[in-house]
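Going by UniProt numbering, 240 is the number at position 240 of the sequence shown; the sequence numbering is gapless. Input: a single structure, listed below in structure tokens.
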Amino acid sequence: MDPRSEVLLRQADLFQGPLLIAGAPADGLLAELPQAHAWTWHAGDQALLQGRFAGRCHHGVEAPAVAFDSAVLFLPKSRELAAYLLNALASRLAGGTLYLVGEKRGGIEGAAKQLQAFGKPRKLDSARHCQLWQVTVDNAPEAKPLESLAERFELALADGPLQVVSLPGVFSHGRLDKGSALLLEHLDDLPVGQVLDFGCGAGVLGATVKRRYPQSQVTLLDVDAFAIAASRLTLAANGLEGEVISGDGIDAAPQGLDLILSNPPFHTGVHTHYQAAENLLKKSGQHLRKGGEMRLVANSFLRYQPLIQEALGNCETRAEAMGFRIYRATRG
Numbered sequence: 001m002d003p004r005s006e007v008l009l010r011q012a013d014l015f016q017g018p019l020l021i022a023g024a025p026a027d028g029l030l031a032e033l034p035q036a037h038a039w040t041w042h043a044g045d046q047a048l049l050q051g052r053f054a055g056r057c058h059h060g061v062e063a064p065a066v067a068f069d070s071a072v073l074f075l076p077k078s079r080e081l082a083a084y085l086l087n088a089l090a091s092r093l094a095g096g097t098l099y100l101v102g103e104k105r106g107g108i109e110g111a112a113k114q115l116q117a118f119g120k121p122r123k124l125d126s127a128r129h130c131q132l133w134q135v136t137v138d139n140a141p142e143a144k145p146l147e148s149l150a151e152r153f154e155l156a157l158a159d160g161p162l163q164v165v166s167l168p169g170v171f172s173h174g175r176l177d178k179g180s181a182l183l184l185e186h187l188d189d190l191p192v193g194q195v196l197d198f199g200c201g202a203g204v205l206g207a208t209v210k211r212r213y214p215q216s217q218v219t220l221l222d223v224d225a226f227a228i229a230a231s232r233l234t235l236a237a238n239g240l241e242g243e244v245i246s247g248d249g250i251d252a253a254p255q256g257l258d259l260i261l262s263n264p265p266f267h268t269g270v271h272t273h274y275q276a277a278e279n280l281l282k283k284s285g286q287h288l289r290k291g292g293e294m295r296l297v298a299n300s301f302l303r304y305q306p307l308i309q310e311a312l313g314n315c316e317t318r319a320e321a322m323g324f325r326i327y328r329a330t331r332g
């Protein structure tokens, strides 16, 4: 069980009433708290939780319309996302209790200061390298619309400026990361047809390809509901159309693709996690049509080339700069 869940269960008597668990991990916590509902924005966690606790799990960027008189937030990595989530929960908890749990190395002590806006927070427990904080919501705020927290910026590309809309918690929020910047410089001679932007984030790559190759049908895929929302906003801001889908990894992608384009993720929260990227590389041949291409950017220290060669039989390095490499491979 997640150590943060273990800390909650040390105080299980506090959580027996109608409870919303925001950012709930995919463990057995709901089995111990029969009146609790889970809210997650991670498609993989949602699938696992729904399989065990059908009807008690909710996926999306807004708090679900279920009744609760207390809520607990599992602290996310992003401070901006934590602020949005705390505001969303506190706005529904006038006179109720809001809890915050997180790892010490994830910044729980600093994040707990955000609770001061709602009342007088106090630390309830410290164990398993985690802390649990509590506040009675004496000052319930107005709920802030998610879109009001969007960061909008413009990319100067060769074929004209691209408008990007980023949301709290999305990778490289409010700016273009170095890896994607390098890949944007190497989008020449791409195949036209069915295109997948894997791990789309705010939708920069998918929107760029759709504008540059308008006859292509572009699908943008991400595990995170906030990335999905941001990608839709980015497409709309540029007058572009594309299919945006939430799913856990390459298994959620369509088949018969002409192109897979990606700056694959390898971090989850404060932890390093390579599974999604490695599954993409290993299973790419199952989703590409014959002659289809995969083009991606990755940190130079990641040993992706052997995985790509094993899956597709070939792999070339198209460019290397700023600690990143551009790989290109085709399905034979």
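By construction, the Cβ of each residue, glycine as well, lies at the ideal position given by its N, Cα and C atoms.
Range of the contiguous alpha helix (DSSP H) that encloses residue i
{"i": "residue 371", "result": "The displayed coordinates of the chain run from 1 to 332. Any statement about residue 371 would go beyond what the structure contains."}
{"i": "A47", "result": "A43 to R52"}
{"i": "N87", "result": "R79 to A90"}
{"i": "I308", "result": "Q305 to L312"}
{"i": "P3", "result": "P3 to L9"}
{"i": "I228", "result": "A225 to A237"}
{"i": "G110", "result": "I108 to A111"}
Spatial distance of residue i from residue j (CA atoms)
{"i": "T219", "j": "L167", "result": "19 Å"}
{"i": "I108", "j": "K290", "result": "49 Å"}
{"i": "K144", "j": "A150", "result": "11 Å"}
{"i": "L146", "j": "A83", "result": "11 Å"}
{"i": "R211", "j": "H59", "result": "30 Å"}
{"i": "V192", "j": "D258", "result": "7 Å"}
{"i": "A94", "j": "K120", "result": "14 Å"}
{"i": "R325", "j": "V204", "result": "18 Å"}
{"i": "L261", "j": "S78", "result": "25 Å"}
{"i": "P141", "j": "A111", "result": "18 Å"}
{"i": "S91", "j": "G201", "result": "28 Å"}
{"i": "residue 333", "j": "E6", "result": "Look at the range of the chain in this structure, 1 to 332, and you will see that residue 333 is not part of it."}
{"i": "S126", "j": "D13", "result": "17 Å"}
{"i": "E278", "j": "D197", "result": "16 Å"}
{"i": "G323", "j": "S300", "result": "5 Å"}
Beta-carbon spacing of residue i, residue j below 8 Å
{"i": "H37", "j": "P64", "result": "yes"}
{"i": "F153", "j": "V170", "result": "no"}
{"i": "E80", "j": "H173", "result": "yes"}
{"i": "G23", "j": "T40", "result": "yes"}
{"i": "D69", "j": "P18", "result": "yes"}
{"i": "residue 335", "j": "D248", "result": "What the structure shows of the chain is the stretch from 1 to 332, and residue 335 is not part of that stretch, so it cannot be assessed."}
{"i": "V66", "j": "L30", "result": "no"}
Secondary structure of residue i, DSSP reduced to three states
{"i": "F118", "result": "coil"}
{"i": "K139", "result": "Per the sequence presented here, residue 139 reads as Asn, with Lys not at that position. The answer is coil: DSSP assigns N139 none of H, G, I, E or B."}
{"i": "F301", "result": "coil"}
{"i": "G160", "result": "strand"}
{"i": "Q286", "result": "helix"}
{"i": "T268", "result": "Residue confidence for T268 is low, a pLDDT of 49 falling below 50, so the modelled location carries little weight; the figure read from the coordinates is stated next. Strand."}
{"i": "Q134", "result": "strand"}
{"i": "A26", "result": "coil"}
{"i": "F15", "result": "helix"}
{"i": "Q275", "result": "helix"}
{"i": "K123", "result": "strand"}
{"i": "L100", "result": "strand"}
{"i": "E147", "result": "helix"}
{"i": "D258", "result": "strand"}
{"i": "L33", "result": "coil"}
{"i": "V38", "result": "Inspection of the sequence shows that residue 38 is occupied by Ala rather than by Val. If DSSP states are grouped into helix, strand and coil, A38 belongs with the strands."}
{"i": "R105", "result": "helix"}
{"i": "L280", "result": "helix"}
{"i": "A319", "result": "strand"}
Endpoints, beta strand (DSSP E) assigned at residue i
{"i": "S180", "result": "Counting along the chain, S180 falls outside any beta strand (DSSP E), though it belongs to the alpha helix (DSSP H) covering K178 to L184."}
{"i": "A329", "result": "F324 to T330"}
{"i": "A71", "result": "S70 to F74"}
{"i": "Q217", "result": "Q217 to D222"}
{"i": "S246", "result": "E243 to S246"}
{"i": "H58", "result": "C57 to H59"}
{"i": "F198", "result": "Q194 to F198"}
{"i": "R128", "result": "Looking at the DSSP string, R128 is not in any beta strand (DSSP E), and its letter there is neither H nor E."}
{"i": "R175", "result": "Element bounds for R175: n/a, residue is neither H nor E."}
{"i": "E62", "result": "No beta strand (DSSP E) contains E62, which DSSP labels as neither H nor E."}
Answer yes if the region 90-105 comes into contact with the region 44-59, meaning at least three C-beta pairs across the two stretches below 8 Å, and no otherwise. no
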